[in-house]
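All remarks here apply to the structure that follows.
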Amino acid sequence: MTGLTELLRRHLVSDAPPLSRAERWRSTLAGFFGLLLFEGVLFVLPLGTEEKRILAPLGATSVILFALPHSPLAQPWSVIGGLLLSAPLGYACGLWLPAGPWVMAVALAASIWLTAWARCIHPPAGAMALTMAMAAAQGAAIEPALMATAANTIAIMVAVMVVNNLVPGRHYPQGTPPAAQQQMHQAPPVIAHRDLEAALSEIDSFLDIREDDLVDLYERTLRHAFKRVHRMRCGDLIDGAVTAPAVEFATPLADAWLLMRKLRVDTLPVVDRSRRVIGLLSLEDFLREVSPEPNRSMGEAVRHLLARSPHTHSDKAEVVGQMMREVRDGVLVLRQNDSVADAAEALASGRQPAVPVINGADRLVGMLDRTDVVAALYHRIELADAMSAEPAPAG
6 MTGLTELLRR HLVSDAPPLS RAERWRSTLA GFFGLLLFEG VLFVLPLGTE
56 EKRILAPLGA TSVILFALPH SPLAQPWSVI GGLLLSAPLG YACGLWLPAG
106 PWVMAVALAA SIWLTAWARC IHPPAGAMAL TMAMAAAQGA AIEPALMATA
156 ANTIAIMVAV MVVNNLVPGR HYPQGTPPAA QQQMHQAPPV IAHRDLEAAL
206 SEIDSFLDIR EDDLVDLYER TLRHAFKRVH RMRCGDLIDG AVTAPAVEFA
256 TPLADAWLLM RKLRVDTLPV VDRSRRVIGL LSLEDFLREV SPEPNRSMGE
306 AVRHLLARSP HTHSDKAEVV GQMMREVRDG VLVLRQNDSV ADAAEALASG
356 RQPAVPVING ADRLVGMLDR TDVVAALYHR IELADAMSAE PAPAG
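All letters in the sequence shown, in the order written, are residues 6 to 400 by the numbering used here.
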């Protein structure tokens with residue numbers, strides 16, 4: 006009996022991850038208010054009573070739209086194309102085919118083929134094809150039936166656009182951002198879209214997840230695995246006995262430049278008088294301010310930037326605070342107990358060349374750059390290899 010129970014559990018029970026309690030409530034409330042708005046839109050459309058009726062397939066559509074809004078099956082073209090292509094197709098099957106059990110079978114099969122070809126697979130489209138086939142077989146007029154389909158589609162799209170964009174943590178439609186809007190400094194993904202395309206072509210089946218969601222899921226998994234394997238904390242790489250060098254908002258650019266050269270670093274933290282981090286100053290910031298002119302070399306341009314202006318007003322930056330990147334603008338600052346993996350991710354992505362580390366009182370205790378992280382990981386791997394190579398003690 007236990008074997009049969011286990012067999013049924015493995016083959017009949019879905020292993021899909023359950024929705025969290027918060028997501029269940031979000032989906033439930035989104036469905037409730039979404040359907041209220043859906044009916045409200047139908048009510049105000051300038052159509053006849055028969056054309057405003059709610060079609061049964063829209064119940065299934067609503068579950069997908071409000072419970073699985075990030076699914077490819079829930080995106081606008083899947084909904085609009087799936088419903089509006091399947092409705093006339095199903096009606097044509099019910100109108101032209103001789104009565105028999107094959108009418109429904111042909112309507113569903115044709116709907117699957119057409120929506121798959123048009124890349125707008127939407128499961129309720131099959132129900133829409135069957136609904137329209139039955140309506141045609143019963144002698145219903147085509148115009149009210151198709152107008153009802155169009156009205157339902159318009160109403161549900163208005164509802165999902167409004168409701169899902171009001172729910173925290175949701176964004177609809179879930180479009181892929183154009184390349185121009187992606188971050189300038191972004192680490193190349195371990196898995197590229199072309200890799201997924203090749204893998205999906207081998208599977209040759211529809212998966213209810215987008216390619217960029219698969220990439221994001223894989224990269225998040227790698228980050229968690231990195232944190233699990235490498236348990237080092239940022240504080241482990243900071244020498245607490247040494248005061249970390251830093252500059253302040255009003256530090257002249259020339260002084261900051263000389264300090265960077267003396268320490269042989271390309272990034273300095275900017276702190277206030279309590280040594281709380283307010284920004285970062287890097288070599289890249291200096292170069293961004295330098296604009297070589299035809300009659301002036303790069304060296305002359307740098308010297309001009311570093312020279313103090315004799316006037317009370319200047320057309321160039323004079324102090325660090327005028328050129329730094331501020332914490333409130335996205336500079337990452339980590340605490341001593343944060344994982345080194347967080348620093349490694351920021352450094353690998355190119356968002357910033359170094360990461361300030363602060364203590365429990367929010368005061369600067371050190372900086373981590375690529376060299377620190379790579380050296381720490383190298384020594385850890387080297388130590389692990391040495392320990393694994395040690396012979397087992399004689400028993």
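Idealized CB from N, CA, C, for every residue including glycine.
Measure the alpha-carbon distance for residue 347 versus residue 276 and round it to whole angstroms.
21 angstroms
Cutting at 8 angstroms between CB atoms, please list the residues of its own chain near residue 134, excluding the five before and the five after it.
Once the five neighbours on either side are set aside, the close Cβ partners of residue 134 are 91, 92, 94, 95, 98, 112, 113, 115, 116.
Can you find at least 3 beta carbon pairs, one from the region 133-152 and one from the region 163-183, that sit closer than 8 angstroms?
no
Residue 88 and residue 158 look like a contact to me (Cβ under 8 angstroms); what is the Cβ gap, rounded to whole Å?
Rounded to the nearest angstrom, the Cβ distance from residue 88 to residue 158 is 5 angstroms, consistent with a contact under 8 angstroms.
Coarse secondary structure for residue 325, derived from DSSP in three states
DSSP places residue 325 in helix when its eight states are reduced to three.
Enumerate in chain order the residues of its own chain whose CB-to-CB distance from residue 341 is below 8 angstroms, with the five nearest sequence positions on each side excluded.
238, 239, 240, 243, 362, 363, 364, 365, 370
In three-state terms, what does DSSP make of residue 124?
coil
Is the region 28-39 in contact with the region 68-79, if contact means three or more CB pairs nearer than 8 angstroms?
Yes, they touch.
Is residue 256 helix, strand or coil by DSSP?
coil
Label residue 130 either buried or exposed according to how many other C-beta atoms from any shown protein chain fall within 10 Å of its C-beta, with 16 as the threshold for buried.
buried
Among residues of its own chain, excluding the 5 on either side of residue 80, which ones have a beta-carbon nearer than 7 angstroms to its beta-carbon?
178, 179
Using only the alpha-carbon positions, how far apart do residue 374 and residue 206 sit?
41 angstroms
Measure the C-alpha to C-alpha separation of residue 334 and residue 286 and round it to an integer number of angstroms.
13 angstroms
Do you know offhand how far residue 153's Cα is from residue 220's?
39 angstroms
Range of the contiguous beta strand (DSSP E) that encloses residue 146:
Careful: residue 146 lies outside any beta strand (DSSP E) and carries neither H nor E.
Compute the Euclidean distance between the alpha carbons of residue 311 and residue 330, then round it to the nearest angstrom.
18 angstroms
Got a sec? Which residues, its chain only, sit under 6 angstroms from residue 290 by beta carbon, not counting five neighbours each side?
Excluding residues up to 5 positions away in sequence, 328 lie with their Cβ nearer than 6 angstroms to the Cβ of residue 290 in the same chain.
Just to confirm, are residue 160 and residue 46 a CB contact at a threshold of 8 angstroms?
yes
Buried or exposed, going by whether 16 or more other CB atoms sit within 10 Å of the CB of residue 77?
buried
CA-CA distance, residue 281 and residue 344?
Cα-Cα distance, rounded: 20 angstroms.
Alpha carbon of residue 322 to alpha carbon of residue 350, nearest angstrom:
31 angstroms
Which class does residue 237 belong to by DSSP, given the choice of helix, strand or coil?
coil
What are the complete alpha helix (DSSP H) segments, minimum 4 residues, inside the region 333-361?
As far as the region 333-361 is concerned, its whole alpha helix (DSSP H) runs of at least 4 residues are 345-354.
Put residue 374 into one of helix, strand or coil per three-state DSSP.
The answer is strand: DSSP assigns residue 374 an E or B state.
Who are the Cβ neighbours of residue 38 in its own chain at under 7 angstroms, not counting the five residues just before and after it?
168
Length of the line joining the Cα atoms of residue 337 and residue 119
49 angstroms
Can you look up residue 54 in the DSSP assignment and give me helix, strand or coil?
coil
In angstroms, rounded to a whole number, what distance separates the CA positions of residue 249 and residue 166?
50 angstroms
Rounded straight-line distance, which links the Cα of residue 83 to that of residue 428
Outside the shown range of the chain (6 to 400) lies residue 428, about which nothing can therefore be said.
Flag residue 57 as yes when its Cβ comes closer than 7 angstroms to any non-hydrogen atom of the ligand COA, and as no otherwise.
As for the ligand COA, it is missing from this structure, which has no ligand bound.
Which residues bound the alpha helix (DSSP H) around residue 89?
81-101
Please work out which residues of its chain come closer than 8 angstroms, Cβ to Cβ, to residue 357, disregarding the five sequence neighbours upstream and downstream, and give them in chain order.
272, 285, 287, 330, 336, 337, 351
For residue 171, name the three-state secondary structure that DSSP assigns.
Of the three classes helix, strand and coil, the one that applies to residue 171 here is coil, per DSSP.
To which residues does DSSP link residue 73 through a beta bridge?
Residue pairing of residue 73 in beta bridges, as defined by DSSP: absent, with no partner found.
Does residue 281 come out as helix, strand or coil in the three-state DSSP assignment?
strand
For a test of the three-state rule: what should DSSP assign to residue 291, helix, strand or coil?
helix
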